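First the structure, in the form of structure tokens, and then the observations on it.
Written as structure tokens, this is what we have:
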């Protein structure tokens, strides 16, 4: 199985344990709990080591059933989840976790097929990292997802055409009914509603919503499709999140029918 790329100065990942010269600091009280799910012991040790040194409380599981049991015992603040697991794959684990409660998921995949990455996003993964990867990059992505998962401060509710987003409560409703949105779907909707009538490219949205200057732009496309399915009366004829051909997307607060 492909291994994460360890930065220069670290020993090569060849089945040996990760660098343990500097002991991991004890996690601060109230530190976020992260569940790492990977059947490759070396990968799991490296990821857990880096996350531990970053100050997180880390639980580990080597397969799907173990991951679900561990999550039931200590519900995580975020899950780092390998796509290819024995018995129950990461997609099914993600579905079952999300059926119980909302939890951010960063998916790991050794597959290069775009369809696999898109499927992961469609079942609710908030981000993904393709193996081999830099553990430091993974930590940054985890920090980014957790930072966006925290309730906002000082931002009042936003309302347009029956849709209301409350950034402080991290709650969104449509005509009074609560919407079941993933972390990124909520952020994307809130961003659109803060900037009505303005067209944004997928690159713009990747930078402003995901916080990255690079990345697979199909991530944005998948999230737009999922979000339309939850906020539009007819996702096939979107009135709120409209396509601006040759540019990207625009939020139309009037709900007027898309031109062209």
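In my numbering, the protein residues as written are 6 to 265. Backbone N, C-alpha and C define an ideal beta-carbon position, used for all residues, glycine too. Just so it is clear, the structure is predicted and the values come from calculations on it, not from any experiment.
{"Check": "For residue 12, does the three-state DSSP call read helix, strand or coil?", "Outcome": "Here residue 12 scores only 44 on pLDDT, less than 50, and its place in the model is too uncertain to base an answer on."}
{"Check": "State the Cα-Cα distance for the pair residue 125 and residue 225, rounded to the nearest angstrom.", "Outcome": "13 Å"}
{"Check": "Would you check if there are 3 or more beta carbon pairs closer than 8 Å linking the segment 41–59 to the segment 134–154?", "Outcome": "yes"}
{"Check": "Closer than 8 Å by C-beta to residue 150: which residues in its own chain qualify, once you throw out the five before and the five after it? Chain order, please.", "Outcome": "83, 109, 111, 131, 132 and 188"}
{"Check": "In angstroms, rounded to a whole number, what distance separates the CA positions of residue 161 and residue 216?", "Outcome": "22 Å"}
{"Check": "Can you tell which of 136, 175 and 177 has its C-alpha closest to the C-alpha of residue 48?", "Outcome": "136"}
{"Check": "Which same chain residues end up closer than 6 Å to residue 90 when comparing Cβ atoms and leaving out the 5 residues on each side of it in sequence?", "Outcome": "44, 68 and 69"}
{"Check": "Closest by CA to residue 36, which one among 52, 63 and 46?", "Outcome": "63"}
{"Check": "Pick helix, strand or coil for residue 191, following the three-state DSSP scheme.", "Outcome": "helix"}
{"Check": "Taking DSSP as the reference, what is the three-state secondary structure of residue 232?", "Outcome": "helix"}
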